[in-house]
Structures are given as structure tokens and as C-alpha cells.
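J.: Structure below; questions to follow.
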Amino acid sequence: MKTLTQDKLEKKYGPLQVDLLKDKSMRACHLRDSQNISRMLAITIYPKNRNSFPEVDEEIESGSPIGRTFIKYGYKIKKEISNDCIVKISNSLKNEFQTKKEIAQMKMYDLYVQYKDSPFLLYATIIEIYIP
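Take any residue in the sequence shown, count from 1 to its spot, add 3: that is its number in my numbering.
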């Protein structure tokens, strides 16, 4: 299994907490370290005809990390990256990252989940912006 993004960041920065912002069509969160520095901003955009995963959705909507939660319930996850680039970041995001740097790496991917032998289903499109 591939390493989850949060696992990679925690190896580098220590334990991270999810700081959740959400509404019905999307979820945004900062992964913050013990000094309250955001190490990543993740924006999750749900499809209009969203697949339902009741037990998983409840935990994710209350702030649990998406990948870890699906794996905990026995799902496999697959990412199909559609964009991996450098972006200019706003002043507010520079403040969250506590940096003066103007650019950061961004990845955008579709996240698919599979339970046992069922086909992979699209869960969401996720955009991740990493601390420079």
C-alpha cells in the first residue's frame, strides 16, 4: 500500500491535527502541527451524484482524515493525479503556513475507493497545497 499524504507529513513534522472547514458540497481542512502551523491545505470537492458511505462519511464529516478513515473500514483507496504543479499562494495562506515564500506545490487528484471485490467508486476530487 502507498503511504498516505498525512503519514508522510507526520514523519517530517510530527503529529498533525485536522482543522476542518466544510459545507455540503466541499470540505476544506488544514493539517496543523503542534505549533499550530498549517503543513497542508486540502480542499475536497464532492461530485454532484455523490456515492454514499454512511459509516465512513459520518467520521469524515466530523473531522477524521479521509484516507485513514476509509482504510480503517477496510476500503482500498486509489489516487488518479490530474495536476501536479507550483502555484502562487495568497497572503492568508502564507500566514497559515507561516512563510514568506510566494509559491507552493499543489496536487489535484480524483480519489477512488473500493470495498472488497466491488468496483472502485469516485469519492471526491481533492486539491492539496503543501507548505513551501
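In this text, a Cβ means the ideal position worked out from N, Cα and C, and glycines have one as well. Please read all numbers here as calculations on a predicted model, not as lab measurements.
In or out: Gln101 buried (at least 16 other Cβ within 10 Å) or exposed?
T.: Here Gln101 is exposed. Its C-beta has fewer than 16 other C-beta atoms within 10 Å.
J.: How should Tyr78 be labelled, buried or exposed, when 16 other C-beta atoms within 10 angstroms of its C-beta is the threshold for buried?
T.: buried
J.: Find out if the Cβ-Cβ distance for the pair Val90, Ile132 is shorter than 8 angstroms.
T.: yes
J.: Using 8 angstroms for Cβ pairs, my map puts Gly66 next to Leu23. What's the rounded Cβ distance?
T.: 4 angstroms
J.: Could you tell me if Thr72 is buried or exposed, where buried requires 16 or more neighbouring beta carbons within 10 angstroms of its beta carbon?
T.: buried
J.: If Ile92 and Leu114 are in contact, beta carbons under 8 angstroms, what's the gap, nearest whole angstrom?
T.: About 23 angstroms; that fails the 8 angstroms criterion.
J.: Between the beta-carbon of Leu96 and the beta-carbon of Leu44, is there less than 8 angstroms?
T.: yes
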